Amino acid sequence: MAERILMKGNEAIAEAAIRAGCRHYFGYPITPQTEIAAYMAKRMPKIGGVFLQAESEIASINMVYGAAAAGMRVMTSSSSPGISLKQEGLSYIAGSDVPALVVNVQRGGPGLGGIQPSQSDYFQATKGGGHGDYRTIVLAPASVQEMASLTIKGFDLADKYLMTAMILADGTIGQMMEPITFEDAEIKTYDKPWALTGTEGKRKHNIVNSLYLKPDELEKKNFERFEKYAEIEKCEAMWEDYMMEDAEICVVAFGIASRVAKNAVAAARSEGIKVGLIRPITLWPFPNKAFEAAENVKAFISVELSMGQMIEDVRLATGCRKPVTLCNRTGGMIPSPDEILEAIRNAGKGV
Amino acid sequence: MAIVFEKPKSLTDAPFHYCPGCPHGIIHRLVAEVIDELGIDGKTIGVAPVGCAVMAYDYFTCDMIEAAHGRAPAVATGIKRCRPENVVFTYQGDGDLASIGMAETVHSAARNENITVIFVNNAIYGMTGGQMAPTSLPGQVTQTSPYGRDVNHCGWPIRVSEMLATLEGPEYVARVAVNNVKNVRNAKKAIKKAFENQIAGKGFSLVEVVSACPTNWGMTPKAALEWVESDMLPYYPIGVYKDRSAQEAK
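Read top to bottom, the protein sequences are chains A and B. First residue of the first sequence: 906, per the numbering used here; consecutive thereafter. First residue of the second sequence: 2, per the numbering used here; consecutive thereafter.
See the structure below:
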């Protein structure tokens, strides 16, 4: 039986990354995720790995690009304003089909915003962020345990599909401590014949590149990449159903918002309201299947720490056939269970 | 019949896309000759920039990666930190290295990152059609300084080698030129040293190559090389600006 240990969410990401075989971390300090860098700075030199504090988020993501191209499991982490700076590199990584893990421990925005928890980078994470036609796998942990398990999952998905997997966490889960268990999961490794290793005179040179000056070639490349994305949409969506069996009202929430929402759902059940929760674990691909199964639901409530971003995907997932309302706080504020309960009661009146 | 002159083995058969009279061909050749002479083609990884040399990945036979504008030293850092046994070089122009990528340049030098940087300074943005560069000379006419570079309006050109030499970090910083046979020979020596330094684990070595851009300078190739001598080199003097090992040996 693996040991139960008490850890901060950010540290759980760092430890899980090391267990997943990541030996290269490049980052730049920003609140509220700096514990990841601090953990890596302490551990990497002891295990033959590399921690390097870059001069900027831009440099750190480009170091990740180089390391990924060299065939390594590599990661960086940051928080909202820093993730904006990494978008250039994320676009190049997407266009070059190399794998990387990027962590965003979100804080309030726009601009310098604040340092309190937020989910207002949902659009940036799930709809692209950088320039061009591409997708990012987005994983949304709701506990310290999931910070660890989704980090390991993220590395695997990145290697499997040769693209960026992003952990979209928030300041609360990053900072809070919970007991977790590191199971000795088998870490799968992938052949990387495309990697930059030096030819050793034995093969034609490998080129890692995102430039295609001939438009028909670029179009073909993009079509191929979207076939891969379609496969991911079909196979990799993850979500959790909570009290959904007979639900007529459905709360949709991810990350820390889902923790608060679960309490509200339980409280509403004790009032006799038939309510359940869908918690998307992958935000891209969005778990549309969860909504197909929820055909008896008459009203949806999207609970978010933003001005309402995921709500657009909820509407799409329901085919815009059901009413979807927003229950939200923003700027670093978190709704209380009572605020969400009130939203559930209001939705219940219309059912 | 004996072959007295041939293409370096480290260059592919792909024809260069460079303009007639452009010294990029010479500089590519010097890099390739050095790679051949050191016998390192099989373990070298090159980083191409954004700029005229963006397609350098098609020209060198070693493994190659194409970096975002200015980020080549960061990409090279990522590769080198993963694969310290490989030889990693960047090939960058003045807009790439001295404008948008200045932070990456300065900090990779300050870290004494064990990479080789070939910095081609032709005082203009070539690929985009001849705009003012951070190294364009005072008074130089470009597409975005049509009345000549006014230093009161847009500041002074940056002497990258002199600036980097003030840092404790870098091992070797030298400026060379490729405007005549003698200078080309000396340029090759500096480039070779910059690669040898890396192989010996000595650290960051940058060779600034003062080059020409006949097309965007609006000159014949011959006039452009003369302008290098008459206008570029007085502002950007040839020389070794930092050589830590040589200094320590004294």
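Note that the Cβ used here is the ideal one computed from N, Cα and C, for glycine as well. It should be emphasised that the depicted structure is a prediction, and the values quoted were computed from it without experimental measurement.
Taking Cβ positions, are residue i and residue j nearer each other than 8 angstroms?
i	j	result
residue 1126 of chain A	residue 1117 of chain A	yes
residue 172 of chain B	residue 205 of chain B	yes
residue 1189 of chain A	residue 1041 of chain A	yes
residue 1003 of chain A	residue 970 of chain A	yes
residue 1211 of chain A	residue 989 of chain A	no
residue 1173 of chain A	residue 1231 of chain A	no
residue 914 of chain A	residue 1149 of chain A	no
residue 91 of chain B	residue 73 of chain B	yes
residue 6 of chain B	residue 60 of chain B	no
residue 910 of chain A	residue 1085 of chain A	yes
residue 1233 of chain A	residue 64 of chain B	no
residue 139 of chain B	residue 118 of chain B	no
residue 987 of chain A	residue 935 of chain A	yes
residue 1073 of chain A	residue 1045 of chain A	yes
residue 1022 of chain A	residue 954 of chain A	no
residue 984 of chain A	residue 950 of chain A	no
residue 968 of chain A	residue 145 of chain B	no
Counting along the chain, where does the beta strand (DSSP E) carrying residue i start and finish?
i	result
residue 244 of chain B	240 to 244
residue 1225 of chain A	No beta strand (DSSP E) contains residue 1225 of chain A, which DSSP labels as neither H nor E.
residue 931 of chain A	929 to 932
residue 178 of chain B	173 to 178
residue 1083 of chain A	1082 to 1086
residue 103 of chain B	No beta strand (DSSP E) contains residue 103 of chain B, which is instead part of the alpha helix (DSSP H) from 103 to 111.
residue 1091 of chain A	Here residue 1091 of chain A belongs to no beta strand (DSSP E), and DSSP marks it neither H nor E.
residue 201 of chain B	Segment: none, residue 201 of chain B is in no beta strand (DSSP E) and carries neither H nor E.
residue 955 of chain A	955 to 958
Please return the same chain residues whose Cβ sits closer than 7 angstroms to the Cβ of residue i, not counting the five positions on each side in sequence.
i	result
residue 946 of chain A	956
residue 1153 of chain A	1179, 1201, 1202, 1203, 1256
residue 1162 of chain A	1024, 1208, 1209, 1210
residue 1092 of chain A	925, 926
residue 67 of chain B	49, 55, 58
Short of 8 angstroms in beta carbon distance, which residues of its chain neighbour residue i, apart from the five on each side in sequence? Order them along the chain.
i	result
residue 242 of chain B	162, 163, 165, 166, 174, 175, 176
residue 35 of chain B	189, 192, 193, 196
residue 228 of chain B	213, 218, 220
residue 42 of chain B	10, 11, 36, 62, 63
residue 961 of chain A	933, 990
Can you pull the DSSP bridge partners for residue i?
i	result
residue 94 of chain B	B/121
residue 1209 of chain A	A/1233
residue 1067 of chain A	BP columns for residue 1067 of chain A are empty, so no partner.
residue 1202 of chain A	According to DSSP, residue 1202 of chain A bridges with nothing at all.
residue 1183 of chain A	A/1146, A/1157
residue 1042 of chain A	A/1070
residue 1009 of chain A	A/983, A/1073
residue 12 of chain B	B/61
residue 1 of chain B	This structure cannot settle anything about residue 1 of chain B, because the visible part of chain B is limited to 2 through 251.
residue 143 of chain B	B/146
Assuming residue i is part of the alpha helix (DSSP H), what are its boundary residues?
i	result
residue 1017 of chain A	Run containing residue 1017 of chain A: none; DSSP gives neither H nor E here.
residue 1159 of chain A	Residue 1159 of chain A -> no alpha helix (DSSP H), and no H or E assigned at all.
residue 968 of chain A	962 to 974
residue 939 of chain A	939 to 948
residue 913 of chain A	No alpha helix (DSSP H) contains residue 913 of chain A, which is instead part of the beta strand (DSSP E) from 909 to 913.
residue 1129 of chain A	1120 to 1140
residue 1248 of chain A	1242 to 1255
residue 27 of chain B	25 to 39
residue 997 of chain A	992 to 1001
residue 83 of chain B	73 to 83
residue 56 of chain B	Where residue 56 of chain B is concerned, there is no enclosing alpha helix (DSSP H), given that its DSSP letter is neither H nor E.
For residue i, I'd like the list of residues in its chain whose CB is within less than 6 angstroms of its CB, leaving aside the five on either flank, ordered along the chain.
i	result
residue 233 of chain B	211
residue 75 of chain B	105
residue 1193 of chain A	1222
residue 1038 of chain A	1127
residue 941 of chain A	915, 918, 919, 982
residue 992 of chain A	1034, 1035
residue 142 of chain B	149
residue 128 of chain B	52, 53
Can you name the residues of chain D whose CB is closer than 8 angstroms to the CB of residue i?
i	result
residue 1208 of chain A	Absent from the structure is chain D; the protein chains it does hold are A and B.
Is the stretch 108 to 124 of chain B touching the stretch 998 to 1006 of chain A, taking contact as three or more C-beta pairs under 8 angstroms?
No contact exists between the stretch 108 to 124 of chain B and the stretch 998 to 1006 of chain A.
Does the stretch 1197 to 1204 of chain A come close enough to the stretch 19 to 33 of chain B to have 3 or more Cβ pairs within less than 8 angstroms?
Look at the beta carbons and you see the stretch 1197 to 1204 of chain A not touching the stretch 19 to 33 of chain B: under three pairs across the two are nearer than 8 angstroms.
Under 8 angstroms, with one C-beta from each stretch per pair, do the stretch 4 to 14 of chain B and the stretch 1161 to 1170 of chain A reach the 3-pair mark?
The stretch 4 to 14 of chain B and the stretch 1161 to 1170 of chain A do not touch, with fewer than 3 CB-CB distances between them shorter than 8 angstroms.
Evaluate contact between the stretch 914 to 929 of chain A and the stretch 1059 to 1073 of chain A, counting only Cβ atoms and requiring at least three cross-stretch pairs below 8 angstroms.
Taking a cut-off of 8 angstroms on C-beta distances, the stretch 914 to 929 of chain A touches the stretch 1059 to 1073 of chain A, as three or more cross pairs fall below it.
Three or more C-beta pairs closer than 8 angstroms, one from the stretch 1084 to 1103 of chain A and one from the stretch 30 to 48 of chain B: is that the case here?
Yes: the two stretches touch, three or more of their Cβ pairs being nearer than 8 angstroms.
Across the stretch 1006 to 1024 of chain A and the stretch 1032 to 1040 of chain A, are there enough close Cβ pairs to call them in contact, namely three or more that are closer than 8 angstroms?
Contact between the stretch 1006 to 1024 of chain A and the stretch 1032 to 1040 of chain A is absent, because fewer than three Cβ pairs lie under 8 angstroms.
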